[in-house]
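Engineer: So that we are looking at the same thing, I have put the structure below in C-alpha cells.
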C-alpha cells in the first residue's frame, strides 16, 4: 500500500521553463489537493479536486494549472516557472468513510526555480 | 473564513523539559476537525492527532497530550519530557469545505541535549 506518491522528489528549473508535478494515490479517495510550503508560511492550498472530473482554485492558484486525470492521479503544472514558485509542494488525498476521516500526504517535491 | 494561528515561531527547550504549543482557530462551521502534524528535518508530514469538534475530551498518548477547548477556540499540544527526536516543526490545521486544510505557520521546536 503506497499511499500518496509524488514525482519527482527534487527539481531545478530555469525561469520560464515548464514542468508537471505528478501525484497518485491508491486508497480510492475522491478528494485530492496540492499545497505549497514556504518558509514561515505554513502550507497553503493551490488547487483541489473534490471528485474525479472537478477542480477548484485554492488560496494561491496563480501560475498553476491542474488536471484530475482519473480518480487516482492529480497533476500540477507550472507553465512558465518563476523564482517565486520555489517551494516544497505536497499532494494529499482524503475521504470520509463510515464516519472515519482519512487524509494522507505525499512525501513532497522540492522545486527550485533559478 | 478559516484561520489558524500559532503564535510562537521557534521554541527551544532543554531535553526532558515539557513544551506546549498553542493553536487558536477561527471558523464559522459547526462541525470541523482539528489536526496536529509534525515535520521532522527530513521534510515529510507526520500525522499526530485528529479531533472532531464534538469531542472535547482531552487525550494523552505516550509523551503527547492535547487540550481542546471549544469555548476559547484553542487546540494546544504538549510534549512531556522532550527528547532530541522531538526537534521538528509542528503544524496545527483546521479542515473546512471538501476536507481542505487551513494550516498555521508552524512552531519550530528545538530540543537541546
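Chains as they are written, first to last, in the numbering used here: chain W, 1 to 114; chain S, 115 to 227.
A virtual CB, placed ideally from N, CA and C, is assigned to each residue, including glycine.
These numbers come from a predicted model, not from an experiment.
Quick one: which unbroken beta strand (DSSP E) runs of 3-plus residues sit fully inside the stretch 140-213 of chain S? Chain order, please.
Structural biologist: Within the stretch 140-213 of chain S, the beta strand (DSSP E) runs of at least 3 residues that lie entirely inside it are, in chain order, 147-153, 160-166, 173-175, 178-183, 188-193 and 202-210.
Engineer: Taking Cβ to Cβ, would you say residue 191(S) is nearer than 8 Å to residue 135(S)?
Structural biologist: Yes, these two residues count as a Cβ contact at 8 Å.
Engineer: By the 7 Å beta-carbon criterion, what residues does the stretch 141-158 of chain S contribute toward chain W?
Structural biologist: 147, 157 and 158
Engineer: Mind listing which residues of the stretch 168-181 of chain S have their C-beta closer than 8 Å to chain W's C-betas, in chain order?
Structural biologist: none
Engineer: Mind checking whether residue 138(S) and residue 188(S) have CB atoms under 8 Å apart?
Structural biologist: Yes.
Engineer: What's the call for residue 161(S), buried or exposed, on a 16-neighbour Cβ count within 10 Å?
Structural biologist: exposed
Engineer: So, do the stretch 8-25 of chain W and the stretch 106-114 of chain W have three or more beta carbon pairs nearer to each other than 8 Å?
Structural biologist: yes
Engineer: Nearest to residue 85(W) by CA position, among 56(W), 24(W), 60(W) and 31(W), is which residue?
Structural biologist: 60(W)
Engineer: Determine the burial state of residue 41(W): buried for a count of at least 16 other Cβ atoms within 10 Å of its Cβ, exposed for fewer.
Structural biologist: exposed
Engineer: Three Cβ pairs or more, each shorter than 8 Å: is that satisfied between the stretch 15-28 of chain W and the stretch 73-84 of chain W?
Structural biologist: The stretch 15-28 of chain W is in contact with the stretch 73-84 of chain W.
Engineer: Which ranges does the beta strand (DSSP E) cover as unbroken runs of at least 3 residues, wholly within the stretch 47-80 of chain W, from first to last along the chain?
Structural biologist: 64-68 and 74-78
Engineer: The beta strand (DSSP E) spanning residue 92(W) covers which residue range?
Structural biologist: That run of the beta strand (DSSP E) goes 87-97.
Engineer: By DSSP, does residue 84(W) sit in helix, in strand, or in coil?
Structural biologist: helix
Engineer: Assuming residue 120(S) and residue 212(S) make a contact with CB atoms under 8 Å, what is their CB distance in whole Å?
Structural biologist: Not quite, the Cβ-Cβ distance comes to about 23 Å (not below 8 Å), so this is no contact.
Engineer: Beta strand (DSSP E) containing residue 102(W): first to last residue?
Structural biologist: 100-105
Engineer: Under 7 Å Cβ-Cβ, which residues of chain W neighbour residue 217(S)?
Structural biologist: 42 and 43
Engineer: Would you mind working out which of 140(S), 159(S) and 153(S) sits nearest residue 183(S), comparing C-alpha positions?
Structural biologist: With distances taken between Cα atoms, residue 183(S) lies closest to 140(S).
Engineer: Quick one: does residue 165(S) have its CB under 8 Å from some CB of chain W?
Structural biologist: For residue 165(S), the answer is no, since every Cβ of chain W falls outside 8 Å of its Cβ.
Engineer: Return the chain-ordered list of same chain residues with a C-beta closer than 6 Å to the C-beta of residue 154(S), the five sequence neighbours on each side being excluded.
Structural biologist: 202
Engineer: Helix, strand or coil for residue 221(S)? Go by DSSP, reduced to three states.
Structural biologist: strand
Engineer: How about residue 105(W): is its C-beta nearer than 8 Å to some C-beta of chain S?
Structural biologist: yes
Engineer: Compare the C-alpha of residue 71(W) against each of 5(W), 37(W), 102(W) and 53(W) and name the closest.
Structural biologist: Closest by alpha carbon: 53(W).
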